[in-house]
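This report concerns only the one structure given below.
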Amino acid sequence: MPWSLLLGLVPRKVWLWLIGILVALFLLQMLLYASVITGLIGYQKSSSSEDVRSVDMVNGTAQVSAVLEEYRPLFEEYAEKYGVSKYVELLLAKTMQESGGRLDDVMQASESLGLPPNTIEDPERSINVGIRYFSEMLEKAEGDIKLTLQAYNFGGGFIDYANKHNNGEYSKELAIEFSRMKYQELKHTGIYSCIRPESAETGACYGDIGYVEAVLSYLKGGVIEADLQPTGDWVMPIEGALTQTSDYGMRPDPFDGKPDMHRGIDFACTNAVTPIQSVDNGQVVEVERSNSGYGNNVLVKHEEGLYSHYAHLYTISVQNGEMIQKGSKVGKCGSTGNSTGPHLHFEVRTKNQYRSDVDPAPYLGL
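In UniProt numbering, the protein residues as written are 1 to 366.
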């Protein structure tokens, strides 16, 4: 039967009704499709945002003392309980900064309960309370790791301060401002003191303004700043075959045997002979000649915001403020300062200050 004849037999109202149903079904299908696509895009954006704010600064392995390592099962247990399992290494690194595992209040969690320091006398209770408080600060900081860490040290009021004055973001300058303000309010109590030279210089003696950097320094292989990635362009600080004698991370102190954070990599070299060279172009920002600590040492600032540090030198070949090229001689291998023998102690730092170090290995391609 021809289609024209069939159409003529069906009432016009019926056809309009059928067409309306088909159009409605089509529109419904398109709406559902759009909802799915929007949901997927939103999920991807949400996941990406969370990863950037957390993973960028918590990957890596915590370098911890043997006594703290014994508590790892408890950290894993309570981290799972409070939904922060992926932060176990960060929590261990944080605890190294708090106590090194040597105190009963291992996470220094008493004050989060409004109690005097070290009131908690059971390590497991300290871990329980400390991880619970960390999870609360993490949620309040909306996943911002640095803000969370500083709030653990300063208290949750620091997050409120960051929300009001810095769009909810952490910065070292903001931490100094907050610490200075709180110290002025509370210094009459006599409770607080300047625990770092930088604190005394800035009047920021409430809590620890270097807390974030100190905690992250215990993460071997972790990334501290997203824009401070290894470029792969650095040369070795010593030409030719290298013998690496000590890695970055926790190790027994060579003088007293106690667990200690080794903040660089050591390379063997010949005393007063082996040339030490700059790993990249930069400016010499510190030259020190000393019989203790790092001995004769040089600090060079590079364009990407990193610093390379060369310690225990026999002689120094550069001057403070001098612009130098990649491969330029900075000195000769030595054993000055606290050293057990001729070697180069090489550090990579993110700031012009002690304990801002990161693992040099990725930057040297090791």
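Note that beta-carbon positions come from the ideal geometry of N, C-alpha and C, so glycine has one too.
Query: Cα-Cα separation, residue 182 to residue 200; Result: 14 Å
Query: Three-state secondary structure assigned by DSSP to residue 262; Result: strand
Query: For residue 357, the three-state DSSP class (helix, strand or coil); Result: strand
Query: Cα-Cα separation, residue 129 to residue 359; Result: 31 Å
Query: Same chain, Cβ closer than 6 Å to residue 36, five either side skipped, listed in chain order; Result: Per-residue confidence for residue 36 stands at a pLDDT of 41, beneath the threshold of 50, marking its modelled position as unreliable; no derived number is given.
Query: Length of the line joining the Cα atoms of residue 349 and residue 173; Result: 18 Å
Query: Between the CA atoms of residue 171 and residue 192 - distance to the nearest angstrom; Result: 22 Å
Query: Spatially closest choice to residue 242 from 346, 149, 287 and 256, by CA coordinates; Result: 346
Query: Residue 86 versus residue 363 - alpha carbon distance; Result: 26 Å
Query: Helix, strand or coil at residue 39 according to DSSP, with G and I counted as helix; Result: In this prediction, residue 39 has a pLDDT of 40, which is less than 50 and means its spatial position is unreliable; what the coordinates show is noted afterwards. Residue 39 falls in the helix class under three-state DSSP.
Query: C-alpha distance - residue 121 paired with residue 75, whole-angstrom precision; Result: 17 Å
Query: Per-residue burial, residue 289 [other beta carbons within 10 Å of its own, 16 or more giving buried]; Result: exposed
Query: Proximity test, Cβ basis, 7 Å: residue 258 and chain E; Result: Included in the structure is just one protein chain, with no chain E present.
Query: Where the beta strand (DSSP E) through residue 346 begins and ends; Result: 343-349
Query: Local conformation of residue 366 per DSSP, three classes; Result: coil
Query: Cβ separation of residue 327 and residue 277, assumed to be a contact under 8 Å, to the nearest whole Å; Result: 5 Å
Query: CA nearest to the CA of residue 233, picked from 89, 73, 366 and 83; Result: 366
Query: Residue 275 - containing beta strand (DSSP E), residue span; Result: 275-277
Query: Residues sharing a beta bridge with residue 323, DSSP; Result: 283
Query: Coarse secondary structure for residue 99, derived from DSSP in three states; Result: coil
Query: Start-end ranges of the alpha helix (DSSP H) lying completely within the UniProt domain "CwlT-like lysozyme" (69-218), minimum 4 residues; Result: 72-81, 88-98, 123-140, 145-154, 157-165, 172-186, 197-202 and 211-216
Query: Candidates 279, 71 and 361, of which the one nearest residue 302 by Cα; Result: 279
Query: Integer-rounded CB distance, given that residue 212 should sit under 8 Å from residue 134; Result: Wrong, their Cβ atoms sit about 14 Å apart, outside the cutoff.
Query: Cβ neighbour criterion (16 or more within 10 Å) applied to residue 251; Result: exposed
Query: Spatial neighbours of residue 194 in its chain, beta-carbon cut-off 7 Å, leaving aside the 5 residues before and after; Result: 200 and 205
Query: Residues bridged to residue 311 (per DSSP); Result: 345
Query: Cα-Cα separation between residue 367 and residue 332, rounded to whole angstroms; Result: The first residue shown for the chain is 1 and the last is 366, placing residue 367 beyond what the model contains.
Query: Simplified DSSP state of residue 66, which is helix, strand or coil; Result: helix
Query: Cutoff 6 Å; reference residue 300; Cβ partners in own chain excluding five residues on either side; Result: 278, 282, 284 and 308
Query: Contacts around residue 132, its chain only, beta-carbon distance under 6 Å, and the 5 residues preceding and following it disregarded; Result: 82
Query: Beta carbon of residue 149 nearer than 7 Å to that of residue 101; Result: no
Query: Exposure of residue 115, with buried meaning 16 or more beta-carbon neighbours within 10 Å; Result: exposed
Query: Range of the contiguous beta strand (DSSP E) that encloses residue 331; Result: 329-332
Query: Counted within 10 angstroms of its Cβ, other Cβ atoms place residue 139 as buried (16 or more) or exposed; Result: exposed
Query: Start-to-end residues for the beta strand (DSSP E) that takes in residue 299; Result: 296-301
Query: Given residue 66 as reference, the closest of 187, 147 and 261 once Cα atoms are compared; Result: 261
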